[in-house]
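Participant: Here's a structure for you.
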Amino acid sequence: MKLDLQTGDDTAFLELLVTQDPPVECSEMNPDYWFADPNDEEEKFGRSEAAIAQGVCNRCPIRHRCFKYALDNDIAEGIWGGFLPAQREAYKRRMRDGF
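So the sequence shown is numbered by our numbering: it starts at 33 and just counts up by one.
Dropping the structure here:
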């Protein structure tokens, strides 16, 4: 399943994801991996959806752009650039506090 392009400010960034050559792996996968319910107890193949998404991000040549996009737009949900929301918040705190 490909990511659906949304309207609004995200359109240009999502266009970037789905038009990469070669395509970035996440554009060919179910977006639910990046926006999984953290309370869902079911795991596929012994790995949580978040772990699968982070593994895909870790191999991605543009992961830094996703991470920066989430930070710049203060996105609180989902995995972006391999980082969970709590990890992005911790990063922002460290940057704000000068660490």
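C-beta: ideal position from N, C-alpha, C; glycine also.
What do you reckon, are the CB atoms on I94 and Y65 nearer than 8 Å?
Facilitator: No; because the gap between Cβ atoms is not below 8 Å, this pair is not in contact.
Participant: With distance defined between alpha-carbon atoms, name the residue in M61, K124 and E81 nearest to A68.
Facilitator: Out of M61, K124 and E81, E81 has the C-alpha closest to the C-alpha of A68.
Participant: Keeping to the same chain, check which residues put their C-beta closer than 8 Å to that of Y132; ignore five residues upstream and five downstream.
Facilitator: Outside the shown range of the chain (33 to 131) lies residue 132, about which nothing can therefore be said.
Participant: Ignore the nearest five residues each way along the sequence and tell me which others in N90's own chain have a CB closer than 6 Å to its CB.
Facilitator: For N90, where only same-chain residues beyond five positions count, the Cβ hits under 6 Å are G114.
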